[in-house]
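For reference, the structure discussed in these notes is given below.
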Amino acid sequence: MTGRRKLIAGNWKMNGLKAQLGEVSAIGELAAGRPDIDVALFLPATLISAAAPLAGTVLVGGQDCHQEEAGAFTGCISAPMLLGAGAGGTLVGHSERRTYQHETNADVAAKAARASQHGLEVVLCVGETLDTREQGDEAAHGWVVDQLLASLPEGAGSGWLTIAYEPVWAIGTGKVATPAQIAAMHGALRDALVEALGADGQAMRILYGGSVSGDNAADILHLDNVDGALVGGASLSAAKFAPIIAAA
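Under the numbering used here, the letters of the sequence shown match residues 9 to 256, in that order.
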């Protein structure tokens, strides 16, 4: 085992209204009882400023960060805007943005670098589609490692950057990669990080995401090179998030 501290992160996606802010407070209370781990919530931009004062030790983050400082980018959010709203971090490169907003690896690297310049913690997402997975482990590992290396920002460091592996075919489907598949992919990502970053690649956290629940969290979180989880639907409710935090 290493000294990497576990991170349990929730991604609310396009869910959550002010009426759900009580869940943020409740998750903050859960986190207060677990000072040995880190907890984060990546919320819709509309909730960040209201949620930040309620979250306690929970890091409140955005779900994306534009690569430019400011400008004519209607509907986008910059790193200074996130900071001003009270965010301490952001996701970049989530598969849904890569798919629906056609973000490239270069876009993701630029977004991560810009967020880091403003002191935001970054969770950078990578993962393969079902078509790639069905080509076999070697093809899947190669594809995801290539995506990771092409998305790594200049100056990547474990002090501010976390990697999240999310098999696209397991996000919100109820399907979960097997423990053997998760361990093998995380091992391949670890090797790639060490080769790219040296000793700091050993210190960088790698999360697993993809239909993580209270039922499967313990099995996933205790695998080698799994340093936490990026949780979707189960993070919308403190009651459903609690067993995942407890399993860390």
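Just so it is clear, CB atoms sit at the ideal spot from N, CA and C, and this is done for glycine as well.
DSSP places F50 inside the beta strand (DSSP E), whose first and last residues are 46-50. Taking the C-beta atoms as reference points, L157 is found no nearer than 8 Å to A118. Secondary structure of V130 (DSSP, three-state): strand. The beta carbons of E136 and V152 sit about 5 Å from each other, so the pair counts as a contact at 8 Å.
Burial state of Q109 is exposed, judged by a 10 Å Cβ sphere holding fewer than 16 other Cβ atoms. No residue range can be given for G182, since it is assigned to no beta strand (DSSP E) and is classified by DSSP as neither H nor E.
Here DSSP, grouped into helix, strand and coil, assigns G92 to helix.
By the beta-carbon neighbour count (other beta carbons within 10 angstroms, threshold 16), F249 is buried.
In this structure, L138 lies away from T98, with their beta-carbon atoms at least 8 Å apart. Distance from S57 to H74 at the Cβ level is roughly 18 Å; contact not present, criterion being Cβ atoms closer than 8 Å.
Per DSSP, the continuous beta strand (DSSP E) segment holding V239 begins and ends at 236-239. The residue from A254, V239, D154 with its alpha-carbon nearest to that of K21 is V239.
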